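Residues in the sequence shown are numbered from 3 upward in steps of one, following the numbering used here.
All residues carry an ideal CB built from backbone N, CA and C; glycine is no exception.
Nothing here was measured: the structure is a model prediction, and the numbers come from that model.
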Amino acid sequence: SPCRDTSHNWLVVILLVIFLLVTNILLVNLLIATFSYTFSKVQECSDTYWKFQQYNLIVEYHSRPTLKIITVHLPFIIAVQLKGRDANKLVKWETLQKENILALENKKTKRDRLKRITAK
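What follows is the structure, encoded as structure tokens:
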């Protein structure tokens with residue numbers, strides 16, 4: 003049967019509050035300890051990971067040629083020069099063709115004029 007005495011209800015409330023406070027403090031402490039452990043493990047691994055990345059970077063730079071900058075730009079410069087020469091050849095060819103067409107047009111117009119003059 004339930005306790006019918008209500009004179010000590012305040013004691014139950016105080017004990018419940020104390021229990022909940024202690025429980026919350028312990029849970030927060032456990033959470034902090036878990037985060038601290040995880041952080042320390044990550045910190046230990048981060049040093050190893052950094053060393054590994056540093057080693058890979060050094061190996062990569064060691065395997066590259068010393069004059070990489072020049073060798074990268076040299077083919078580009080050569081390609082630009084060759085493209086410029088090809089463009090000049092194309093411009094010269096187009097100019098020559100234009101002059102040939104204009105010369106043919108002039109011959110045709112002269113023949114047409116001559117025919118008109120002789121026809122009159």
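Element boundaries [alpha helix (DSSP H), containing Ser42]: The count along the sequence shown starts at 1 and reaches residue 42 at position 40. Segment Asn11 to Ser65, the alpha helix (DSSP H) holding Ser42.
From Phe78 to Leu92, what does the alpha carbon distance come to, in whole angstroms? As a first step, residue 78 must be located in the sequence shown, where it is residue number 76. As a first step, residue 92 must be located in the sequence shown, where it is residue number 90. About 21 Å.
Between Ile27 and Gln45, what straight-line distance do the alpha-carbon atoms span, to the nearest angstrom? To locate residue 27, count along the sequence shown from 1; it is residue 25. To locate residue 45, count along the sequence shown from 1; it is residue 43. Approximately 26 Å between the Cα atoms of the pair.
Distance, Cα to Cα, Asn157 vs Leu18? Residue coverage of the chain in this structure runs from 3 to 122, which leaves residue 157 outside it and unanswerable.
To the nearest angstrom, how far is the alpha carbon of Val61 from that of Cys47? As a working note, residue 61 is residue 59 in the sequence shown. As a working note, residue 47 is residue 45 in the sequence shown. Distance between the alpha carbons of Val61 and Cys47 is about 21 Å.
Arg115 in three-state terms, based on DSSP: Locating residue 115 in the sequence shown gives position 113, where the first residue counts as 1. DSSP places Arg115 in helix when its eight states are reduced to three.
Put Arg87 into one of helix, strand or coil per three-state DSSP. What you label residue 87 is simply residue 85 of the sequence shown in a count that begins at 1. Residue state, collapsed to three classes: helix.
Rounded to a whole number of angstroms, what is the C-alpha to C-alpha distance between Thr25 and Leu59? Stepping through the sequence shown from its first residue, residue 25 is reached at position 23. Stepping through the sequence shown from its first residue, residue 59 is reached at position 57. Thr25 and Leu59: Cα-Cα distance of roughly 50 Å.
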